[in-house]
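Residue numbers (the working numbering): -6 to 151. We treat Cβ as the ideally placed atom computed from N, Cα and C, and that holds for glycine.
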Amino acid sequence: MSRTSSGPEWSGDMLTKPEMVEAFSTQLRGVLKSQAQFVADVRQEAEAMWKANRPDGYSSFEAWWRHRWVVGPFREIQDHLEEAAKLTFELEARYRKGRHELPAARQAAALAKKDAKQVTAGSGAVPPKPVAPPTPGYTGGAGGTRDFLGLVHEERSA
């Protein structure tokens, strides 16, 4: 783990709780959306500047082609950032399902199978321990979503 001057140490084991992953993906989504908006603003200015200051001596086709040549990469970067922001939902869902919902379902099935064996064996059946459902979205005390690094800091100080 490396120490950065801007915050706490990072390790992959910080993403062990659903509320941590939710906070991380929400914060990442916000950053990606703001960067996509920044690129959109630059693209809009580049388009406006090109249209207002079209170089002399270009045919209309050549002017269109050069405009496309300049603005095209901005559009692609913006599209990639927006797609990455959408993938944060998949990140959160896969984590929740793979780390919490599926193991809880397997545990419940194993307990049911174990209890069924005990009932057929004639021994006194012990009631199964209830499996905790996956933790829903974690919201802070004020009702807002918690910041990922705030949760990390809170967990480290505890």
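Going by DSSP in three states, K10 sits in which element: helix, strand or coil?
Working through the sequence shown from its first residue, we reach residue 10 at position 17. Reduced to three states, the DSSP call for K10 is coil.
Starting from the Cα of G65, find the closest Cα among L80, W43, A77, D140 and give me that residue.
Position 72 of the sequence shown, counted from the start, is the residue given in the question as residue 65. Of L80, W43, A77, D140, the residue nearest in Cα terms is W43.
Could you check what DSSP says for P96 in three-state terms: helix, strand or coil?
Indexing the sequence shown from 1 puts residue 96 at position 103. Three-state DSSP puts P96 in a helix.
Just the C-alpha distance for R139 and G50, rounded to the nearest angstrom, thanks.
Position 146 of the sequence shown, counted from the first residue, corresponds to residue 139. Position 57 of the sequence shown, counted from the first residue, corresponds to residue 50. Cα-Cα distance, rounded: 57 Å.
Starting from K79 and walking both ways along the alpha helix (DSSP H), at which residues does that stretch end?
Your numbering for residue 79 matches position 86 in the sequence shown. 53 to 89 is the span of the alpha helix (DSSP H), which, as asked, contains K79.
Which residue wins for smallest C-alpha separation from Q20, given the options V63, H93, E85?
For the purposes of this step, residue 20 is taken as the residue at position 27 of the sequence shown. Comparing Cα positions, the closest option is E85.
Close Cβ partners of S150 (< 7 Å) along its chain, the five nearest in sequence each way excluded
In the sequence shown, residue 150 corresponds to position 157, counting from 1. Excluding its 5 nearest sequence neighbours in each direction, S150 has no C-beta neighbour in its own chain below 7 Å.
In this structure, how does DSSP classify S4 when only helix, strand and coil are distinguished?
Within the sequence shown, numbered from 1, the residue matching residue 4 stands at position 11. Look at S4 here: in three-state DSSP terms it is coil, with no helix or strand label.
What first and last residue would you give for the alpha helix (DSSP H) that runs through G143?
Position 150 of the sequence shown, counted from the first residue, corresponds to residue 143. Element bounds for G143: 141 to 150.
So, is A156 buried or exposed, given that buried needs 16 or more other C-beta atoms within 10 angstroms?
Because residue 156 is not part of the residues shown, which for the chain are -6 to 151, the question remains open.
Taking buried to mean at least 16 other C-beta atoms within 10 Å of its own C-beta, is P48 buried or exposed?
In the sequence shown, residue 48 corresponds to position 55, counting from 1. With fewer than 16 other Cβ atoms within 10 Å, it is exposed.
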